[in-house]
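This report concerns only the one structure given below.
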Amino acid sequence: MYNFTKVEKKWQKYWEENKTFNAVNGSEKEPYYVLVEFPYPSGSGLHVGHVRSYTAQDALARVKRMQGYNVLFPMGWDAFGAPAEQYAIANHIHPKDAVKENIKTFKKQMLSLGFSFDWDREFSTTDPEYYKWTQWQFLQFYKHGMAYKAKTFVNWCPKCLSVLSNEDAAGGVCERCGTKVMQKEKEQWMLRMSDYAEDLIKGLDDTNFADRVKLGQINWIGKSIGAEVVFKIDGSDKEFTVFTTRCDTLFGATYCVLAPEHELVDVITTKEHKEEVENYKQECMLKNDLERTELNKDKTGVFTGAYAINPVNGKKIPIYISDYVLVSYGTGAIMAVPAHDERDYDFAKKYNIPIIQVLEEETGKPVENEFKKDSIVAILYDEKNDKYLTINWHNMGGRLFVGGTIKEDETALDCAIREIKEETGYSNIELVMELPKINHHYYAYNKDKYFNIESTGFLFKLLDDKRECQILDDDEEFDVEWVDEKTINNEVSDALHKKTYEYAKKPGAMVGDGIHINSEFLNGLHKEEAIDKMLEFLEDNKCGRKKVNYKMRDWIFSRQRFWGEPIPMVYCEKCGWQPIPESELPLVLPDVAEYEPTDNGESPLAKITDWVNTTCPKCGGKARRETDTMPNWAGSSWYFLRYMDPHNDKEFASMEAMKYWKRVDWYNGGMEHTARHLLYARFWVQFLYNIGLVPSKEMIWTRVSHGMVLGSDNQKMSKSKGNVINPDDIVSDYGADVLRVYEMFMGDYTQDAPWSTDSLKGCKRFIDRVYRLKNKLNNNEGYTSKLEVIQNKTIKGVTYDLERMGYNTYISKLMILTNAYEEVDSISKDDYRLLLILLNPVAPHITEELNEEMGYDLISSCSWPVSDDSKLVENEKEIAVQVNGKVRGTINIKIGEDEDSIKNKALSCENVKRHLEGLTVVKVMVIKNKIVTIVAK
RNA sequence: GCCUGAGUGGCGGAAUAGGUAGACGCACAGGACUUAAAAUCCUGCGAGAAUUAACCCUCGUGUCGGUUCAAGUCCGACCUUAGGCACCA
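When the letters of the first sequence are read in order and numbered with the numbering used here, they come out as residues 717 to 1653.
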């Protein structure tokens, strides 16, 4: 066929030498910034997954250039981080050198794939010229009070003497040695990211991120609007505050819980409970976070002996401590409402604490002039046969459980027992449990009245099947039937009975909306109204107020590692923490001989006394440098700004450059980064904006995320599974163009897709077919008229596809165009060139080569075709004819043909006539240019 | 447990606004070319019943219900699966 290796090398060299794809700052053209996450240059080289997202963004960049934009499409390296450090420890190679090697490999691989990066803007986060500005920005955080030191707990492996990330401590054991992970207190640098919680939510309105990306961030920030409520302690002048999102359920609070670490615990615990409380606290301290959260399905806790006073009704309720309440969230204390909170329900059940229902679920639809009454629904279960007792009313109401109205002087339970006996004759039964009350609206056919009932549900167990005579009213005609679960699910349709059954099957808290009961001034209100009213009450009585809480906490910015940006701070005994002068930046990472952390978990930098010991910038006295380094996220939080002005040695980027490029128009990366990385980056930018250093508060416009390339076994690629595909092998066996086309064609770009070498071969065939078309060239000018409709359709379709990341359909449309070219006798050069231009974004080498062979100017400097819509107007169309919803034939119509004529055509269609035999046509509808549908009886 | 996706032939996947489900590709089968193979080209290809054949008919987009003249698409409940988060009061 052709020597793809030679052709690809030729064009790659051409692009490199001519700097074809370099962006120009300040150009007259409209700017367009295409960004793809820069890789971590690992030792294993480029992954076929990288190829997928880089090709996608490359295609976008190439199209935008042809559409006349000044496109910025940069690439660089996110090279600080743990893997390089691990590698250094194992092999005694300086991470700097290992990273340099890896970058070389990565770059070579990227060049071999023909990506149109502007290589003049390349940098690595590990370059001192780059991290100088990362450090400088940290100093701005510090100077604006946004960076502070605080004690936090870290995962600590006592054997490796090392701090572990949550990832490395998964399952509560050290990933490397299997030792149980401990919690160790450590002073760390923090950034006040929680101050930006609200702005980070609001800012999303000024972005075009995919909805699921926005949602992911909103969930991470975890805003909840609630109330703080103050509880006084019985017989003491002490009080504590709880945070709740459900202050409307305050009347249902039957106990309170303090986190074991809560400062009040020691103060309020009574003598009798001291020992128990102390033991429990000790127990909790031993557990790490993971155990306290993950493994704690079964709730534990102890009573302190103290009571709190519920501010709404003055009731005394016990105070417990339990580790299901976290000291770090809210106020570290909660009011517990077991009827309406799952966790509280579990705890109350275990410790036999009363459960008070204050909300009734509402079923049915309320209407005016309803009659009120109280009633029951009783479910009788026969354990032996695993069946439930139902009453089949047939046409008079379908299948129901036993139900009835409570008489005067009768309890709900008595009523249930009586109704079962009267209606079904069973009397030897035992109560299993009473179910939550339900507020139900319905219409009674036999009485022609609307009712609003408060229904109490009961679950009974059948003891033996002894049956007495039923006592029935005259109008009661039904069958008593024992049925299984499946029948109930399919046949019991009444909302009240269905809900009652649900409660019986899954006992637990009712957490949804409903109508308040047992709540004095809230009775009859729904959740939202009740929350407002309760807030009013709390504020009027000075025992609470509205309060917003966020899950998102401050950013822990220290890492006890060597391979990261040194934090530019020194500690002086006299002056405390001091920033180093900006003129001393970059604070260069020194060379060390050993990369292992110290025995007490400090970064290896702590061992370099020459470097650590310094002078205080304020008083000139003895001082020590911070030996922790920054997290990997630091360098990647602003790299997209640096690309706008990568060689600036006066600023991290000039305002002029940033104002020209405005923003990242299109950012692509992995789904796993859409929450954290993007939030850190947005926080960073918002901070810089607030101190006047960047032109806008949000600098990233569209964010999409790509799916993974899985192994052919549908599993993640990994060495151990032996399913890894090396892009180098594919490039040398099939060529970069084929690999690029295949990765775009393999499936929906946002979804994971498995590798298939067979499909890859199919794409090779496609490229070969495109190549062979050159043998069909004729000497005609312009487009072949027979092809014009499909050509314009294709231009329109692929342009649309590329704008919405529909790469797989983009390729398929070009395959269809190629098929059409193959079907005609010969094609013109213009026909051929059109196909080459349209295919160029994904297969740039072969298309550029074939285009050159025909003697045309470079595709990279031509403009993207625009469809001539006038060529798309069809005058005839085949549409379907439906009879009663089923397609029974097709007819040809003229565009704009009048309805009557179309109707006649449809009705005279042979097969349609056959299907209308013996039926009367009720209606014939013509849906313009789409379908004719006939309804007949 | 919660959040977010996804579920369509043997496989990857199409179906822009509810309007002829299965585009495009792979695999497979038959045929042409060839001494032969590869490559290439042609034909077929959701399941089923029936038929010389064509038309045609029934079923069919995870399951069960609903809305509609019409549902892969909208609504409700559920199942399976992938990813994220972990008792967030």
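Quick reminder that beta carbons are idealized off the backbone N, C-alpha and C, glycines included.
DSSP-derived helix/strand/coil call for ASN1495: It is coil, neither helix nor strand.
Sheet register partners of MET1285 (DSSP bridge): According to DSSP, which records beta bridges pairwise, MET1285 is partnered with PRO1295.
For ALA1132, the nearest candidate out of ALA798, ALA1094, ILE1283 (CA to CA): Measuring from the Cα of ALA1132, the nearest candidate turns out to be ALA1094.
Counterpart residues of ASN1108 in DSSP-defined beta bridges: Answer is ARG1115, ASP1195, bridged to ASN1108.
Close-in-space but distant-in-sequence residues of the same chain around GLU1459 (CB under 6 Å, 5 per side omitted): Scanning its chain for C-beta atoms nearer than 6 Å, with the 5 sequence neighbours on each side dropped, one finds around GLU1459 the residues VAL767, ARG768, THR771, in chain order.
Contact the stretch 995-1002 vs the stretch 1042-1050: 3+ CB pairs below 8 Å: No, because fewer than three Cβ pairs between the stretch 995-1002 and the stretch 1042-1050 fall closer than 8 Å, the two stretches do not touch.
Other residues of its chain near ARG962: CB distance less than 6 Å, five sequence neighbours each side excluded: Excluding residues within five positions, none has a Cβ falling inside 6 Å.
ARG908 - DSSP class collapsed to helix/strand/coil: Three-state result, ARG908: coil.
DSSP state of ARG1379 mapped onto helix, strand, coil: In the three-state reduction of the DSSP assignment, ARG1379 falls in the coil class.
Strand pairing of TRP793, partner residues [DSSP]: According to DSSP, TRP793 bridges with SER840.
Same chain, Cβ closer than 6 Å to LYS735, five either side skipped, listed in chain order: Contacts found: none.
DSSP state of GLY968 mapped onto helix, strand, coil: In this structure, GLY968 counts as helix in the three-state DSSP scheme.
Three-state class that DSSP yields for ASP1453 in the structure shown: Here DSSP, grouped into helix, strand and coil, assigns ASP1453 to helix.
Outcome for CYS873 when other beta-carbon atoms lying within 10 angstroms are tallied against a minimum of 16: Buried is the call here.
Per DSSP, cross-strand counterpart(s) of GLU1076: DSSP, once it has assigned bridges, lists ILE1231 as partnering GLU1076.
Status (buried if at least 16 other CB within 10 Å, exposed otherwise) for GLU733: Exposed, by the Cβ-count rule.
Pair within 7 Å by beta-carbon distance, ASN1168 and GLU1084: Taking 7 Å as the cut-off, the beta carbon of ASN1168 is found no closer than this to the beta carbon of GLU1084.
Span separating the alpha-carbon of GLY932 from that of ILE1247: ILE1247 has its alpha-carbon roughly 27 Å from the corresponding atom of GLY932.
GLU838 to TRP1354 span [Cα, whole Å]: Between GLU838 and TRP1354, the alpha-carbon positions lie close to 14 Å from each other.
Length of the line joining the Cα atoms of LEU1489 and HIS1561: C-alpha separation (whole angstroms): 16 Å.
Cβ-Cβ separation, LEU1212 to PHE1174 (assumed contact under 8 Å), whole Å: Contact between PHE1174 and LEU1212 does not hold, since the beta-carbon distance rounds to 13 Å and is not under 8 Å.
Neighbour-count burial assignment, ASP1453, 16 or more Cβ in a 10 Å radius: Here ASP1453 is buried: its Cβ has 16 or more other Cβ atoms, across all protein chains shown, within 10 Å.
Spatial neighbours of VAL691 in its chain, beta-carbon cut-off 7 Å, leaving aside the 5 residues before and after: In the structure as shown, the chain starts at 717 and stops at 1653, and residue 691 therefore has no counterpart that could be examined.
Entirely enclosed alpha helix (DSSP H) segments - the stretch 1458-1498, minimum 4 residues: Runs of the alpha helix (DSSP H) inside the stretch 1458-1498: 1473-1488.
Option nearest PRO1411 by Cα separation, candidates TYR1376, MET1387, LYS816: Nearest to PRO1411 by C-alpha distance, out of TYR1376, MET1387, LYS816, is TYR1376.
Pick from SER1038, TYR912, ILE1033, PRO1302 that is closest to ILE1069, judged by C-alpha positions: The shortest Cα separation from ILE1069 among SER1038, TYR912, ILE1033, PRO1302 belongs to ILE1033.
Beta-carbon spacing of ALA1622, VAL1651 below 7 Å: The answer is no: Cβ separation not under 7 Å.
Cut-off 7 Å between Cβ atoms - residues of its own chain near LEU1251, not counting five sequence neighbours on either side: By the criterion of a C-beta distance shorter than 7 Å, LEU1251 is surrounded in its chain by ALA943, CYS963, LYS1262, once the five residues flanking it on both sides are discounted.
Whole-angstrom C-beta distance between VAL1053 and THR965, which should lie under 8 Å: Correct: roughly 4 Å between the Cβ atoms.
Contact set for GLU1078: own chain, Cβ-Cβ below 7 Å, skip 5 residues either direction: Answer for GLU1078: ASN1155, GLY1230, ILE1231, listed in chain order.
Extent of the continuous beta strand (DSSP E) run through CYS873: Bounds of the beta strand (DSSP E) holding CYS873 are 863-873.
Extent of the continuous alpha helix (DSSP H) to which SER1528 belongs: Where SER1528 is concerned, the enclosing alpha helix (DSSP H) stretches over 1523-1539.
Local conformation of ASP1573 per DSSP, three classes: Correct three-state label for ASP1573: coil.
Under the three-state DSSP convention, the category PRO747 falls into: Note: PRO747 maps to strand in three-state DSSP.
C-alpha distance - TRP835 paired with TRP727, whole-angstrom precision: Going from the Cα of TRP835 to the Cα of TRP727 covers about 16 Å.
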